[in-house]
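Chemist: Structure incoming, see below.
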């Protein structure tokens, strides 16, 4: 299941949720300021981040700059606790699936969250000379299911 970590006032978060809704891809939305944002959520995000805290934490946030925080010297438990107490330091939105994390809204990169079978079918449709009429009846030019 895809999880989208958001904050209520974030316009990029709204774009990501709309994109998933438009694509009819199920996801779970979690407010990083809400009670359902858990230590396990944070641990999952950190574990799947390719570059650790560099990917997910905004070093421009006020608290990080004022306190001159060195995240590399923190134990994982300290880092999780710090994020739980200061969720505003997180970049957003954060999208997590079984294998990866994506931070922010990027129209090209977000397509990787489309299921593989659907991406394959769409690639076939792009090259199909009948794609403009696809869905107007069962196509007799393909043995594949057509896109409604």
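Numbering (this note's numbering), first residue to last: 322 to 469. Note that the Cβ used here is the ideal one computed from N, Cα and C, for glycine as well. Note that the structure is predicted; figures quoted are calculated from it, not measured.
#1: Out of 339, 344, 374 and 406, state which residue places its alpha-carbon closest to the alpha-carbon of residue 435.
#2: For residue 324, which beta-bridge partners are listed by DSSP?
#3: Rounded to a whole number of angstroms, what is the C-alpha to C-alpha distance between residue 377 and residue 446?
#4: For residue 405 and residue 366, which I take to be in contact (beta-carbon distance under 8 Å), what is that distance rounded to the nearest angstrom?
#5: Return helix, strand or coil for residue 435, following the three-state DSSP convention.
#6: Locate the alpha helix (DSSP H) running through residue 334, then write down its first and last residues.
#7: Hey, how far is the Cα of residue 355 from the Cα of residue 361?
Modeler: Taking the definition as stated:
#1: Residue numbering aside, residue 435 sits at position 114 when the chain shown is read from its first letter. Per the Cα distances, 344.
#2: Position 3 of the chain shown, counting from 1, holds the residue named residue 324. Residue 324 pairs with 349 and 417.
#3: Here residue 377 refers to the residue found at position 56 of the chain shown. Here residue 446 refers to the residue found at position 125 of the chain shown. Cα to Cα, the separation comes out at about 36 Å.
#4: For the purposes of this step, residue 405 is identified with residue 84 of the chain shown, where counting begins at 1. For the purposes of this step, residue 366 is identified with residue 45 of the chain shown, where counting begins at 1. 12 Å between Cβ atoms; not a contact.
#5: Taking the chain shown and counting its residues from 1, one reaches residue 435 at position 114. Looking at residue 435 - three-state DSSP - the assignment turns out to be coil, as it is neither helix nor strand.
#6: As a working mapping, residue 334 is identified with position 13 in the chain shown. First-last of the alpha helix (DSSP H) with residue 334: 332-344.
#7: For the purposes of this step, residue 355 is taken as residue 34 along the chain shown, with counting starting at 1. For the purposes of this step, residue 361 is taken as residue 40 along the chain shown, with counting starting at 1. Cα-Cα distance, rounded: 14 Å.
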